[in-house]
Every structure is written in structure tokens, then in C-alpha cells.
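Asks:
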Amino acid sequence: MRIGVVTFPGSLDDRDAARAVRIAGGEPIPLWHGDDDLKSVDAVVLPGGFSYGDYLRCGAIARFAPVMHSLVAAAEGGLPVLGICNGFQILCESHLLPGALTRNDSLHFVCRDQRLRIEDVTSMWTSDFDAGQEIVIPLKNGEGGYVADEATLDRLEGEGRVIARYLEVNPNGSRRDIAGIRNERGNVVGLMPHPEHAVEALTGPTTDGLPFFTSILTSLVAAA
Amino acid sequence: MARVVVDVMLKPEILDPQGRAVQGALGRLGLTGVADVRQGKQFVIEVDGELEGERLELMHKLAEELLSNPVIEDYRMRVEA
Amino acid sequence: MARVVVDVMLKPEILDPQGRAVQGALGRLGLTGVADVRQGKQFVIEVDGELEGERLELMHKLAEELLSNPVIEDYRMRVEA
Amino acid sequence: MIDTVTHAIEDPDHVQPFAELGLKPDEYQRIRDILDRRPTSSELAMYSVMWSEHCSYKSSKVHLRQFGEKKPETDVLLVGIGENAGVVDIGDGWAVTFKVESHNHPSYVEPYQGAATGVGGIVRDILSMGARPLAVMDPLRFGPLDAPDTRRVLPGIVAGVGGYGNCLGLPNIGGEVVFDPTYVGNPLVNALCVGAMRHEDIHLASAKGVGNLVVLYGARTGGDGIGGVSVLASETFDEGGPTKRPSVQVGDPFMEKLLIEATLEVLHSGLVEGIQDLGGAGISCATSELASNGEGGMHVWLDHVLLRDPTLTPEEILMSESQERMCAIVRPDNLEAFLALCGKWDVEAVVIGEVNDSGRLTVDWHGERIVDVPPRTVAHEGPVYDRPYHRPSWQDALQADGPDRLPRPSTPDELRATLLTMAAAPNLASKSWVTSQYDRYVLGNTVLAQPEDAGMIRIDEETGRGIAVSTDCNGRFAKLDPYAGAQLALAESYRNVAASGAIPLAVTNCLNFGSPEDPEVMWQFAQATTGLADGCLELGIPVTGGNVSFYNQTGDTAILPTPVVGVLGVIDDVDRRTPMAWGPDGELIYLLGDTRDEFGGSEWAHHVHGHLGGLPPMVDLQRERLLGEILVAGSRDGMLTAAHDVSDGGVAQSLVEMALRAGIGARCWVPDGLDPFTFLFSESTGRAVVVVPRSEELRFTEMCAARQLPAHRVGVVDSGLGADAGYPAGTQVLQFSDQFTVTLDEVRDAHERTLPAILG
Ligand SMILES: Nc1ncnc2c1ncn2[C@@H]1O[C@H](COP(=O)(O)OP(=O)(O)O)[C@@H](O)[C@H]1O
Ligand SMILES: [Mg+2]
Numbered sequence: 158m159r160i161g162v163v164t165f166p167g168s169l170d171d172r173d174a175a176r177a178v179r180i181a182g183g184e185p186i187p188l189w190h191g192d193d194d195l196k197s198v199d200a201v202v203l204p205g206g207f208s209y210g211d212y213l214r215c216g217a218i219a220r221f222a223p224v225m226h227s228l229v230a231a232a233e234g235g236l237p238v239l240g241i242c243n244g245f246q247i248l249c250e251s252h253l254l255p256g257a258l259t260r261n262d263s264l265h266f267v268c269r270d271q272r273l274r275i276e277d278v279t280s281m282w283t284s285d286f287d288a289g290q291e292i293v294i295p296l297k298n299g300e301g302g303y304v305a306d307e308a309t310l311d312r313l314e315g316e317g318r319v320i321a322r323y324l325e326v327n328p329n330g331s332r333r334d335i336a337g338i339r340n341e342r343g344n345v346v347g348l349m350p351h352p353e354h355a356v357e358a359l360t361g362p363t364t365d366g367l368p369f370f371t372s373i374l375t376s377l378v379a380a381a
Numbered sequence: 124m125a126r127v128v129v130d131v132m133l134k135p136e137i138l139d140p141q142g143r144a145v146q147g148a149l150g151r152l153g154l155t156g157v158a159d160v161r162q163g164k165q166f167v168i169e170v171d172g173e174l175e176g177e178r179l180e181l182m183h184k185l186a187e188e189l190l191s192n193p194v195i196e197d198y199r200m201r202v203e204a
Numbered sequence: 124m125a126r127v128v129v130d131v132m133l134k135p136e137i138l139d140p141q142g143r144a145v146q147g148a149l150g151r152l153g154l155t156g157v158a159d160v161r162q163g164k165q166f167v168i169e170v171d172g173e174l175e176g177e178r179l180e181l182m183h184k185l186a187e188e189l190l191s192n193p194v195i196e197d198y199r200m201r202v203e204a
Numbered sequence: 025m026i027d028t029v030t031h032a033i034e035d036p037d038h039v040q041p042f043a044e045l046g047l048k049p050d051e052y053q054r055i056r057d058i059l060d061r062r063p064t065s066s067e068l069a070m071y072s073v074m075w076s077e078h079c080s081y082k083s084s085k086v087h088l089r090q091f092g093e094k095k096p097e098t099d100v101l102l103v104g105i106g107e108n109a110g111v112v113d114i115g116d117g118w119a120v121t122f123k124v125e126s127h128n129h130p131s132y133v134e135p136y137q138g139a140a141t142g143v144g145g146i147v148r149d150i151l152s153m154g155a156r157p158l159a160v161m162d163p164l165r166f167g168p169l170d171a172p173d174t175r176r177v178l179p180g181i182v183a184g185v186g187g188y189g190n191c192l193g194l195p196n197i198g199g200e201v202v203f204d205p206t207y208v209g210n211p212l213v214n215a216l217c218v219g220a221m222r223h224e225d226i227h228l229a230s231a232k233g234v235g236n237l238v239v240l241y242g243a244r245t246g247g248d249g250i251g252g253v254s255v256l257a258s259e260t261f262d263e264g265g266p267t268k269r270p271s272v273q274v275g276d277p278f279m280e281k282l283l284i285e286a287t288l289e290v291l292h293s294g295l296v297e298g299i300q301d302l303g304g305a306g307i308s309c310a311t312s313e314l315a316s317n318g319e320g321g322m323h324v325w326l327d328h329v330l331l332r333d334p335t336l337t338p339e340e341i342l343m344s345e346s347q348e349r350m351c352a353i354v355r356p357d358n359l360e361a362f363l364a365l366c367g368k369w370d371v372e373a374v375v376i377g378e379v380n381d382s383g384r385l386t387v388d389w390h391g392e393r394i395v396d397v398p399p400r401t402v403a404h405e406g407p408v409y410d411r412p413y414h415r416p417s418w419q420d421a422l423q424a425d426g427p428d429r430l431p432r433p434s435t436p437d438e439l440r441a442t443l444l445t446m447a448a449a450p451n452l453a454s455k456s457w458v459t460s461q462y463d464r465y466v467l468g469n470t471v472l473a474q475p476e477d478a479g480m481i482r483i484d485e486e487t488g489r490g491i492a493v494s495t496d497c498n499g500r501f502a503k504l505d506p507y508a509g510a511q512l513a514l515a516e517s518y519r520n521v522a523a524s525g526a527i528p529l530a531v532t533n534c535l536n537f538g539s540p541e542d543p544e545v546m547w548q549f550a551q552a553t554t555g556l557a558d559g560c561l562e563l564g565i566p567v568t569g570g571n572v573s574f575y576n577q578t579g580d581t582a583i584l585p586t587p588v589v590g591v592l593g594v595i596d597d598v599d600r601r602t603p604m605a606w607g608p609d610g611e612l613i614y615l616l617g618d619t620r621d622e623f624g625g626s627e628w629a630h631h632v633h634g635h636l637g638g639l640p641p642m643v644d645l646q647r648e649r650l651l652g653e654i655l656v657a658g659s660r661d662g663m664l665t666a667a668h669d670v671s672d673g674g675v676a677q678s679l680v681e682m683a684l685r686a687g688i689g690a691r692c693w694v695p696d697g698l699d700p701f702t703f704l705f706s707e708s709t710g711r712a713v714v715v716v717p718r719s720e721e722l723r724f725t726e727m728c729a730a731r732q733l734p735a736h737r738v739g740v741v742d743s744g745l746g747a748d749a750g751y752p753a754g755t756q757v758l759q760f761s762d763q764f765t766v767t768l769d770e771v772r773d774a775h776e777r778t779l780p781a782i783l784g
């Protein structure tokens with residue numbers, strides 16, 4: 158399976174996302190922000206980082222990159238996309254996911270090992286988890302507070318589209334402790350914490366992040 | 124030469140932690156009766172020539188879609204000569 | 124009730140990486156002739172009653188020392204009734 | 025009007041503001057002698073900034089020479105002192121470069137930007153060697169935690185270190201946060217960066233090849249950091265005076281990230297003959313150093329430099345310290361490819377000069393010659409001072425005022441209270457308020473990070489080869505005895521690296537001191553450098569580079585002498601790292617080394633009694649070496665589950681930190697022959713607490729006995745003690761037999777509450 162990993166100017170976790178794909182058994186394919194060719198990948202990861210320095214608003218400038226033109230169309234057509242941290246912000250800015258991510262309520266950047274509960278295992282990126290499974294993966298962000306209007310939040314919850322929630326500590330003031338969401342179809346997932354940093358016991362707090370990357374391989378095989 | 128000023132503010136219903144922090148600090152530093160503080164952004168854009176017609180329209184569109192995020196923010200734009 | 128608006132901008136001689144990033148994006152999105160972009164902050168402060176005398180002075184002082192960083196930023200403050 | 029060479033010859037008596045630029049009359053005269061005429065204002069600008077203390081090391085050079093003269097026999101040093109950063113061979117064809125630098129004064133003026141640009145500057149140093157920057161560390165020092173000055177500067181400095189490093193994508197793997205009254209008004213912001221490359225990718229700052237081009241790339245040049253030279257600008261502006269110049273540099277980490285990627289790509293594509301970062305003294309430094317390290321000559325078209333502020337004068341452009349710029353020497357036939365790669369990363373680049381063998385550095389401004397100098401005289405032949413120094417008048421009295429008279433806790437209750445007080449002392453308390461603002465995960469190779477003894481990163485994903493780095497300094501020890509203090513800093517850093525399982529290889533340092541014009545400060549400096557050089561020789565690890573920061577004082581009061589030492593170690597497989605959290609029930613806790621009654625300069629004397637006097641703990645570098653060998657052997661042969669060095673706060677603090685990290689309690693006891701207070705709180709060096717599985721006990725103790733390293737069994741990991749001690753079952757406790765019991769919850773609370781209570 159060919160999993161594209163997009164590099165924008167200022168992407169930081171692109172190598173890590175590619176490594177996670179490799180460890181899960183997929184083939185990482187580098188995609189370049191300035192190139193609208195998706196290289197016939199089977200799925201795409203938008204990695205973390207500070208695209209364009211995150212200077213205007215996180216993800217605001219990246220949204221207009223040539224690669225995003227193709228990606229938005231492909232995602233609407235069903236291509237699986239996982240946006241991690243900055244990638245989540247880009248997905249919201251691109252309106253592939255509802256809502257937005259705002260400045261942490263602490264006003265500080267925060268890096269911590271975060272406990273989450275996986276709430277939805279129907280998405281293409283979470284199918285290898287057990288419903289309700291608790292995991293610990295790194296979280297690191299300065300603008301990770303998920304916001305949306307009440308109606309949208311109700312709808313997300315009602316439709317089971319909250320895929321993960323913060324446990325113990327809400328690290329950034331996210332509404333309803335939301336750590337990640339999906340679109341209706343379940344192919345597009347945005348997640349604030351970083352599963353790609355929890356795929357090796359040596360370098361991560363756990364290996365709890367790995368199922369995100371094996372899920373997509375399983376889902377693609379099942380769909381094929 | 125035209126100067127465009129775009130003010131971007133979080134919508135009133137969106138929580139503004141920075142504004143709240145400033146409100147707290149103003150109070151601690153002795154300013155009484157601060158009822159509310161909101162913190163937004165201001166862009167000052169200098170463009171060559173007049174800003175009219177299609178270019179003005181594009182500027183409006185970019186103020187709405189690039190400089191602000193309509194999901195959480197409102198913008199106001201004014202052109203100074 | 125008075126509304127105070129404080130605009131804070133980096134001093135012109137200070138590098139503004141944010142403004143530069145916006146300038147680049149505006150150009151890539153088709154807006155021609157953008158000569159300069161500066162990005163600043165805007166605070167909208169609602170205070171009870173009139174803002175006069177000592178309280179106004181304090182507000183000025185806080186705009187200069189708290190809301191802006193005089194080492195790198197300039198501020199402008201206006202009071203709306 | 026522009027001051028040209030012709031002009032300088034025609035108007036030899038023009039009065040120049042050399043004193044305002046910080047040059048002494050004899051230094052100015054030397055410039056006139058070198059040039060055989062008066063300098064132009066641009067030449068004066070270059071000499072004044074390159075001959076400053078900061079760039080020329082004029083007060084420290086005579087002492088720093090010892091690092092070369094006393095260099096131990098070593099074959100790990102690929103590039104030594106004098107380049108942007110030293111380079112160390114770590115095996116398998118890998119080379120590692122690391123360096124620590126100060127950004128103290130700018131961080132006092134503008135904490136966020138000062139700290140941010142400090143990180144940016146050291147990262148470019150590492151990059152300019154050809155290495156990919158891989159991690160940063162930040163040794164920081166502030167006034168007392170509750171001092172208003174600390175509350176002003178600390179949050180901004182921490183946010184600046186994090187803001188820049190996080191956005192750049194470099195994990196922060198360690199550092200220090202130290203509080204002492206002498207740092208009020210003079211915080212220390214030191215920044216360390218470490219990077220790696222293959223041996224063949226090492227690049228040097230030299231302008232080789234006549235006809236090759238000098239390319240300036242990265243951010244545009246603005247008027248940053250040229251405060252002093254405005255006196256020259258005001259001379260050349262006829263009316264209205266110069267426009268305002270910023271006193272503060274603003275960092276652009278996004279630009280630096282692009283600069284890193286673009287630089288590594290042009291280097292790996294073989295498009296670069298020589299490379300240099302732009303830091304202090306900007307273009308003046310880069311051109312003069314490149315030229316004198318290469319063919320000896322260079323011509324520069326200064327008006328080609330891309331400007332952010334078009335009103336800059338040539339003097340200002342030469343001196344500007346705008347961030348995020350690099351300079352490369354490129355063959356003409358490679359230029360197009362070089363520019364294309366810069367374009368790929370949206371990095372502006374422009375040719376500003378050409379290499380020649382004229383032996384001169386010449387600079388033109390719109391066709392007129394404004395600089396014509398021998399580049400070596402600018403870059404390397406600045407003034408050298410052997411400043412007078414003498415032992416301070418108060419040193420004997422300070423050393424005579426030992427800690428023996430201080431009342432000590434003796435009852436179990438007093439000892440228990442002292443342990444909790446110490447765990448909460450600002451210098452010993454948890455630093456997570458600071459470190460949780462730093463990304464320690466990015467790049468996915470962080471094996472150990474704060475609060476572990478050393479930061480450790482994997483360099484080679486295939487083989488697991490990696491490195492460990494630690495920085496340390498106890499300024500109180502250095503005040504009591506600067507020679508010993510520098511060695512103690514070295515010893516602690518060495519021990520931290522060894523505790524992680526890595527073999528110490530090389531040293532960097534950042535020497536933070538008061539004014540070199542004060543003979544007593546100069547004595548501290550001379551003692552500390554000698555101590556460090558002698559110590560490195562004895563430990564067999566070379567100094568690869570470093571930085572000196574003088575004039576750290578408020579009025580007449582100098583900071584504690586603060587020679588921050590960074591030690592780099594190598595580990596052939598990071599999988600066998602030794603963490604500090606101990607393992608499961610039943611594992612045995614050993615204290616290695618000798619414990620003496622040593623409280624001079626200790627954290628206990630400082631925190632509990634506000635006392636500083638006496639002598640620091642005894643230095644025994646042979647013992648440190650032996651301890652290091654045992655720690656590394658223990659890791660290599662799988663005999664250790666955990667290890668933690670013993671330093672500030674003594675054994676009590678080590679045990680507390682290990683227990684908290686594991687979340688598991690232990691039963692401990694005082695070894696025979698020691699009183700409980702000395703056992704718990706003495707800061708004798710050459711010690712570590714290690715944890716050994718029962719199955720390895722015999723092998724481990726036999727190894728220690730054979731090598732003659734004292735090893736005392738002082739405890740057992742035990743998660744089941746709570747109920748016996750009268751707490752609800754499952755409560756984790758640290759129990760000191762016959763003395764007292766504390767729960768991990770209360771220790772954690774004390775340890776973690778201190779910083780947030782003050783900083784919010
Ligand atoms: N400013 C900082 N940045 C990153 N890590 C830090 C900082 N200050 C302290 N640390 C980390 O916290 C831990 C404890 O620091 P310290 O008590 O100074 O350790 P030690 O006594 O072993 O030198 C170490 O892992 C250190 O690297
Ligand atoms: Mg340690």
C-alpha cells in the first residue's frame with residue numbers, strides 16, 4: 158500500500174509519519190506541497206509541524222498549496238486522509254472537517270504524554286482499535302483547542318464522529334475534550350495528538366499509536 | 124499606493140483565552156471595571172496603485188478566506204487612500 | 124460603558140516574519156502589487172463607566188507596557204464612547 | 025557621502041569616532057599601521073566589530089589556548105577548536121558536532137526574542153559544519169524564583185527557546201534551570217545544539233578556488249544589532265540623521281527551517297566548496313573569515329546584498345546581525361543548480377562576491393572601493409590582552425566560613441521535613457513547567473530527554489548507534505574554588521553521560537563570567553579555564569569548542585562564575601540505554617562511590633540556610649573515570665535496570681527522582697559508618713545510585729570489588745510497603761528504615777508544586 162506523506166515548507170513530523178507508515182508495513186511516498194500530483198497513492202498523511210511557520214493561522218496558508226487542490230478533490234471522492242496536529246488544522250482550514258483549532262487555553266505550547274479514549278472504530282484510520290480503548294501517545298501543540306458551534310459539536314457526537322477524547326487532563330481547552338474527529342464517510346480523520354511518535358518502544362512513551370497506521374492498511378485491503 | 128487595513132476578531136461566541144488573560148492582567152495591574160477584552164489581529168497591507176474593481180474584490184475574498192477563518196472569526200476591512 | 128481599541132504593531136524597523144508570510148500568500152493567490160504587509164494585534168476592551176482622568180492615564184500606561192512591548196512594538200489607542 | 029579608500033587617502037586627518045565603536049586608541053593606531061592610512065568608515069566598522077570582545081576573544085584567548093595545549097591524546101577529534109564547532113568521530117563513519125553558546129544580554133533586553141535568536145544562532149553553527157541539526161539543550165540561570173526580575177524574564181525566555189526550537193523541529197532533550205540571587209538583572213541563556221553527518225560531509229568555512237563565487241542566502245539583511253555603528257551612520261548622513269535602527273533582533277524560525285533544508289540539499293548535492301553561517305558581525309565576519317581561511321583574497325559587491333531596509337548604509341550592511349543568513353562558496357558552473365535548490369525552498373540567494381588570491385578583502389559599493397584590507401588582520405589578528413588578575417581579597421574568608429556551624433537535622437522528623445523541603449527547593453524541584461513547553465519528540469529519535477540525566481538521541485536507525493549529551497555547572501562550587509568548580513562541572517556532566525550508558529567522548533563549554541577588567545573576575549576565569557583544561561586532560565576527553573560570555577554583572581556585582589560544561593558521549597546501541605526510573609519489586613538499590621561529610625556550596629546549605637562558604641566537594645577525576653567505566657559496563661552487559669547520578673541535593677534527591685519517575689516506592693537504609701544526614705544530603709562527587717536485578721547482583725558487585733569501586737546496598741524496590749507503614753494498601757512510599765517514611769504523593773506534590781506556584 159502506498160501511503161503519501163505531504164511535506165509543506167515547515168512540516169516537521171513528515172519523516173516520523175513516513176517511519177510510522179513503514180513500521181506498520183506500508184510504503185511511504187513523499188508528496189511535495191508545490192506539486193499537485195498525488196502519485197496514485199492509496200492514502201495520505203498530512204503530518205505535524207508549522208507549515209509556513211504557522212504565522213497567519215495554523216494551516217491557513219498550507220490550505221492553498223497546489224497539492225491541497227488535488228487532495229481536497231480526492232478526499233471528497235473517498236481517498237483516506239489522516240491529518241495529525243498541523244495536518245488536522247489544515248483539514249479544518251480546507252473545510253474537509255468542520256470546526257477549527259485555536260490557541261491553547263493555557264496560552265503555552267504543551268508537550269506531554271496524553272491519555273486518550275478511542276471513541277470511534279468505524280473510521281478507516283481507527284478500525285484496528287477496540288471501541289473504548291485507552292491509549293497514551295504524545296501531544297505537542299500550541300494551538301490545539303478544538304472549537305465548533307454547539308450544533309456542530311452535537312452533530313459530531315450524535316453521528317459518532319468524535320474519534321478520540323482526552324482523558325484525565327484536557328491539555329488545550331478543546332470543547333467536549335475532543336482530540337480527533339472524522340468526516341461523515343470515515344475516510345478523513347483529524348487528530349491533535351501524535352500517533353507517529355508512539356510506534357517504537359524506544360522513542361515513544363508507548364506503541365499505542367501504531368494501530369492508526371495498521372488500521373489504514375487493513376481498511377484498504379478490506380475495501381479492495 | 125493604497126493601504127488596506129483588515130481587522131480580524133474571534134466571533135463573540137468563541138472563547139478567547141488570550142483576551143481573558145489580558146483582562147485578568149489589566150485588573151491585577153489596577154485597572155478597575157474591565158468588563159471584557161477580546162484580542163484580535165490587524166493586517167496593514169500596502170498595495171501599489173489604486174485598489175479597485177477585480178483587485179478590490181479579490182482583496183475582500185482573501186480577507187475573508189485567507190486572513191480570517193470564517194468558522195471562528197469575523198473580519199472588517201477598510202481601504203485608506 | 125467605554126470601548127477602548129488598542130492596535131499594536133511591530134516597529135517599522137523590526138522584522139515581521141508573519142507579515143512576510145502573509146505577503147507571500149497574497150501574491151501566490153493572485154493579488155498583484157502587494158508592496159508590504161505588517162501583522163499586528165488588536166485589543167478591544169470594554170470598561171464600565173467613563174474612561175477618564177487617572178483611569179485613562181493608567182489605560183495608556185498599560186497599553187504601552189502590558190499590551191505592547193515597547194522594545195519592539197508601537198501602539199495606538201482610541202477610546203470609543 | 026560614502027567614505028571611500030580614495031577619500032581616506034586624500035583626507036588622512038579626518039577624525040573618526042573609534043572610541044564610540046569600542047576601540048582603544050592603540051587599537052585604532054594598529055589599524056592605521058596595518059593599512060598605512062586611516063581606515064574608511066566601512067573598514068572601521070569591520071575592525072571594530074571583529075575586534076570586539078565578543079568576536080575576538082581578546083581577553084580570554086591567552087587562557088583558552090590551554091584547551092589546545094593540554095589536549096589529551098585522542099583520535100576522535102575530526103575538527104578541533106577554531107572552526108564553527110568541533111567535530112567528533114562516533115564510529116561507523118558518523119561524525120557529530122556540538123557546541124554551546126550564550127545569548128545572555130539580548131535575553132535580558134527582550135527575553136523572548138533574545139532566547140529565540142540564541143537558539144537560532146547555535147543551530148546555524150552546527151549547520152555550517154555540514155551537519156543536520158538534531159537536538160537542542162538550554163542551560164538557563166535566573167535570579168531567585170520569586171524575584172520580580174525572574175518573573176519578567178523567565179516566561180519569555182522559556183517561550184522563546186520553545187517557540188524557536190519547536191517551530192524549527194528540533195527536540196529539546198535537556199538543559200538546566202538554576203536560580204541564584206547573583207543572576208538578578210543578568211539571566212544566563214546558554215543554548216546547545218548537536219548535529220550529525222557522515223564523515224565525507226564535513227564542510228569548513230574557507231573560500232577555496234580562485235574565481236569561485238560568494239553567495240549570500242537566507243533572510244534579507246536589515247538593520248539588526250548595529251546599535252554601535254549608528255555613530256558612523258550619523259556621520260555620513262548629512263541631514264535628518266539616520267533612520268531608526270532596531271535594538272532587538274527578531275528571529276524567524278520558519279526561515280531557519282527552510283535554510284536548514286536548503287543548505288543540506290546544496291551540500292549533499294556537492295554544490296558547495298565552503299560555507300559559513302552569519303552570526304555576530306554578520307558579513308564582516310563571514311567574508312573576512314572565509315577569505316583568510318581560503319585563497320586569501322575576496323572581492324565583494326556590497327550593493328548586491330538584498331536588503332530589508334533600503335536606507336542601510338554600507339557600514340551598517342557590513343555589521344548587520346540579521347538572523348537566518350548563510351554564506352556559501354560556489355563554483356560558477358554550480359551556481360545555477362545552487363540557486364535552483366534555494367528556489368525550491370523559497371530561500372532568496374544572491375552572488376555578492378568572488379574568491380581571488382590578491383591577499384586582500386576588497387569591497388565595492390556602487391563601483392567605489394570602500395574596503396581594502398588584509399582579511400587575516402580582521403578575522404584572526406585582533407588584539408590579545410593578558411589582563412591582570414589576582415586572587416580575590418575575600419576568597420580566603422569565604423573558604424574559611426565553612427558549613428560546619430550550620431545546625432543539622434537529626435531526628436527522624438527533622439530529616440523527613442528536610443527531605444520534603446529539599447525536594448521542593450527551586451533548584452531541585454521539577455522543571456516540567458519549563459520543559460513541557462518544549463517538543464522532545466520531533467524527529468522521532470529521542471531515546472532519553474529531560475528529566476533524565478542526559479539527553480540521548482539515536483543517530484543511525486539501522487544500527488542503533490546514538491549519542492548522549494549533558495550540560496552542568498554548579499556556580500556556587502565555582503565561586504568557592506573556580507579551579508575545582510570547573511572540574512566539578514565537568515565531572516558532573518561526564519557522570520550524567522556515563523549514567524545513561526554512553527561513553528564520554530568530548531567537551532564543549534560556555535564560560536559565563538563578570539567583567540574581565542576586574543582582576544578578581546579575571547582570576548576566576550583563569551582558574552576555571554585551567555581547571556577545565558587539566559580536568560579534560562585527566563579524563564582523556566578533548567574540548568572541541570565553546571564560547572565565552574563576559575560582563576555578566578549588575579553594577580559591581582558579578583554573577584557566580586558559571587563555566588557551563590557540556591559532555592558528549594557515544595553509545596553503540598541506544599537500546600541498552602540506562603534510564604533513571606527503577607524497575608519492578610525486588611530489584612536492589614546500590615550507592616556507588618564514597619560519601620564524605622561535604623556541605624560547602626551544597627544545595628542544603630544554600631536553600632535551608634542561605635549559606636555559601638567553605639570548600640566545594642573534593643574532586644577525584646580518577647574516581648569519576650572508574651565510576652563511568654562501571655556504569656557503561658553495567659549498561660553494556662545488562663547488569664543495570666536504572667542509574668542516576670548523585671549531585672545537587674545528594675542521595676536523598678537521587679532516590680526521590682528515581683522513585684517519582686518510576687511511580688514505585690522503595691525501602692532504603694543508611695549504610696554502616698554514615699550518619700543519616702550525611703548519607704542523605706552530602707554532595708560528595710564520584711557517586712551514582714544504580715538499580716540491579718537480583719539475578720545480576722553477584723556479577724555486578726564482583727565487578728565493583730575487582731575494580732575497587734565501593735558499592736553499598738542501600739535499598740530494595742518495593743511497591744508493597746504502604747500498608748505496613750499505616751497507609752492505605754497500594755500507597756507508594758519511600759521508607760528509610762529506623763528513620764522515617766514519606767509517600768510518593770507527598771514528595772511529588774512538594775517537587776512539582778514549586779514552579780507553578782510562582783509562575784502560574
Ligand atoms: N531548561 C531546560 N531545558 C530542558 N531540560 C531541562 C532544563 N532544565 C532542566 N532540564 C532537565 O531536567 C533534568 C534535571 O535537571 P538537573 O537537576 O539540572 O539535572 P542534573 O542535576 O542531573 O544535571 C535534566 O534532564 C535536565 O536536562
Ligand atoms: Mg543528573
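If you read the protein sequences in the order shown, they are chains H, B, F and W. For our numbering, count along the first sequence from 1 and bump the result up by 157. For our numbering, count along the second sequence from 1 and bump the result up by 123. For our numbering, count along the third sequence from 1 and bump the result up by 123. For our numbering, count along the fourth sequence from 1 and bump the result up by 24. All C-beta atoms in this analysis are idealised placements derived from N, C-alpha and C, irrespective of residue type, glycine included. Keep in mind it's a predicted model, so treat the numbers as computed, not measured.
1) Comparing alpha-carbon positions, which option in F:Leu152, F:Ile195, F:Met132 and F:Leu190 lies nearest glycine 249 of chain W?
2) With H, G and I counted as helix, E and B as strand and the rest as coil, what does DSSP make of histidine 292 of chain W?
3) Please check if any C-beta of chain B sits within less than 8 Å of the C-beta of leucine 228 of chain H.
4) Can you give the Cα-Cα distance for aspartate 57 of chain W and serine 65 of chain W, rounded to whole angstroms?
5) If we call anything under 8 Å between Cβ atoms a contact, is aspartate 357 of chain W one with valine 234 of chain W?
6) Please compile the residues from chain H whose C-beta is within a distance smaller than 9 Å of the C-beta of aspartate 168 of chain B.
7) Hey, is the segment 240-256 of chain H in contact with the segment 280-290 of chain H, meaning 3+ C-beta pairs nearer than 8 Å?
8) Please list, in chain order, the residues of the segment 144-157 of chain F that have any C-beta partner in chain H closer than 9 Å.
9) Apart from the five residues on each side of it in sequence, which residues of its chain come closer than 7 Å, Cβ to Cβ, to asparagine 520 of chain W?
10) Is there at least one Cβ from chain H nearer than 8 Å to phenylalanine 203 of chain W's Cβ?
11) Give me the chain F residues within the contact set of isoleucine 218 of chain H, using Cβ-Cβ distance strictly less than 9 Å, ordered along the chain.
12) Given that a residue counts as buried once 16 or more other Cβ atoms are within 10 Å of its Cβ, and exposed if not, what is threonine 386 of chain W?
13) Among the residues of its own chain, which have a CB less than 8 Å from the CB of leucine 561 of chain W, if the five just before and after it don't count?
14) Based on the DSSP secondary-structure assignment, which residues constitute the bridge partners of cysteine 692 of chain W?
15) For glutamate 263 of chain W, count neighbouring Cβ atoms within 10 angstroms of its own Cβ and tell me buried if that reaches 16, exposed if not.
16) Using DSSP's beta-bridge definition, name the partner residues of tryptophan 389 of chain W.
Replies: Looking at the atomic coordinates:
1) Your numbering for residue 249 of chain W matches position 225 in the fourth sequence. Looking at the Cα atoms, F:Ile195 is the closest of the given residues.
2) Taking the first residue of the fourth sequence as 1, we reach residue 292 of chain W at position 268. Here histidine 292 of chain W sits in helix by DSSP.
3) For the purposes of this step, residue 228 of chain H is identified with residue 71 of the first sequence, where counting begins at 1. So, not an interface residue.
4) What you label residue 57 of chain W is simply residue 33 of the fourth sequence in a count that begins at 1. What you label residue 65 of chain W is simply residue 41 of the fourth sequence in a count that begins at 1. One C-alpha to the other measures close to 16 Å.
5) In the fourth sequence, residue 357 of chain W corresponds to position 333, counting from 1. In the fourth sequence, residue 234 of chain W corresponds to position 210, counting from 1. Not a contact, by the Cβ cut-off of 8 Å.
6) As a working note, residue 168 of chain B is residue 45 in the second sequence. Per the sequence shown, residue 168 of chain B should be read as isoleucine rather than aspartate. Going along chain H, no residue has its Cβ under 9 Å from isoleucine 168 of chain B, so there is no contact; the nearest lies around 13 Å.
7) No, the segment 240-256 of chain H does not touch the segment 280-290 of chain H.
8) Residues passing the 9 Å Cβ filter: Ala144, Val145, Gly147, Ala148, Arg151 and Leu152.
9) For this step, residue 520 of chain W is matched to residue 496 along the fourth sequence. The answer, listed in chain order, is Asp477, Ala478, Ser494, Asp496 and Asp669.
10) Position 179 of the fourth sequence holds residue 203 of chain W. Not an interface residue.
11) Mapped onto the first sequence, residue 218 of chain H falls at position 61. Within chain F, the residues near isoleucine 218 of chain H are Ala144, Val145, Gly147, Ala148 and Arg151.
12) Working through the fourth sequence from its first residue, we reach residue 386 of chain W at position 362. It is buried - the Cβ of threonine 386 of chain W has at least 16 other Cβ atoms within 10 Å.
13) Working through the fourth sequence from its first residue, we reach residue 561 of chain W at position 537. Closer than 8 Å at Cβ, skipping near neighbours: Lys94, Lys95 and Pro96.
14) Here residue 692 of chain W corresponds to residue number 668 of the fourth sequence, with the count starting at 1. Note: cysteine 692 of chain W sits in a beta bridge opposite W:Gly739 and W:Phe760.
15) Taking the fourth sequence and counting its residues from 1, one reaches residue 263 of chain W at position 239. In this prediction, glutamate 263 of chain W scores a pLDDT of 42, lower than 50, which makes its location untrustworthy; the coordinate-derived value is nonetheless stated afterwards. The residue in question, glutamate 263 of chain W, is exposed, as its Cβ has fewer than 16 Cβ neighbours within 10 Å.
16) Walking along the fourth sequence from the start, residue 389 of chain W turns up at place 365. BP columns for tryptophan 389 of chain W point to W:Glu392.
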